[in-house]
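Take a look at the structure set out below.
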Amino acid sequence: MNSTKIKEKSLYLAAWFVHLFSALGILCGFQACVAIAQAQWMTSLFWLLLALIIDAVDGTFARLFRVKDRIPNIDGKMLDYVIDFVNFVFLPAFFIYSAIDLPEQYKNGLICLIFLASCYHYANLKAVYKDQYFVGFPAFWNLIAFYLFITELSSFWNSIVIVIISTLHFIPIKVIYLSRMFKSNIYAIMLAGIWAASTLMTIINYPTENFIWAELSLTIAVLIFIFSNISMPLRKDKNKNA
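This is the structure:
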């Protein structure tokens, strides 16, 4: 009996550590904010990448330790949403405003577009389909900020990208919810690992004339998007019109 109680207390403590691990994402966000304010662009992108990695794996830990059952009064999903909006939308928008070349007369409007489109995307109850796909391009402005920075596009093309991505939030395209596939798909884990490694190497080696890591990172991101919409069509709800 004592061993059972000790085990349960240990698992309860582990569940709290999972919540603490998730909350580390907001600390990464703070470090990214400081780096942006100091114009340390690659440092800020490193912290945003670290926050993304934490977000990608904390759900797996939460399911493993049954955090929802053991700490029912703390909503892990709400905690996730708060941290994600800061790290995936607010700080990347701040980064884009500070570090990305945009037409001066449209700069504020483009940043407002990011915020407004992302707010409605986050509020959309149908933005995630059966925990497998995002419906509409996900509000991963941290990734957009990263690729805009390393590709060094003109202000015109940066503006076009922002408008297109903002519009895609509302178009029912499909994007794989990659982190939700970790528990059942070793290829998803490998793909995510290669992407994270190549992105980290891009940050570490920037600036450089050798763009192999940046090209690998961008290629994987594009392939995931294409694979989502061509090879894995959205399944119809079996209960629809039942």
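Just so we're on the same page, this note's numbering is the position in the sequence shown counted from 1, plus 108. Every residue, glycine too, gets a C-beta built ideally from N, C-alpha and C. All of these numbers come straight from a predicted model, not from anything done at the bench.
For I191, the enclosing alpha helix (DSSP H) starts and ends at 184–192. Rounded to whole angstroms, A225 and E323 show a C-alpha spacing of 28 Å. When the beta-carbon positions are compared, W155 and A207 stay at least 8 Å from each other. DSSP links K282 through a beta bridge to V243. Taken atom to atom, the span from the alpha-carbon of E212 to that of S267 is near 11 Å. For K113, the uninterrupted alpha helix (DSSP H) run begins and ends at 110–145, by DSSP.
As DSSP reads the structure, V197 sits in no beta bridge. With distances taken between CA atoms, D163 lies nearest to Y285 out of A201, A147, V271, Y285. Under DSSP, V269 forms no beta bridge with any residue. Beta-bridge annotation (DSSP): V175 is not paired with any residue. By the Cβ neighbour-count rule, D192 is buried, with 16 or more other Cβ atoms within 10 Å of its own.
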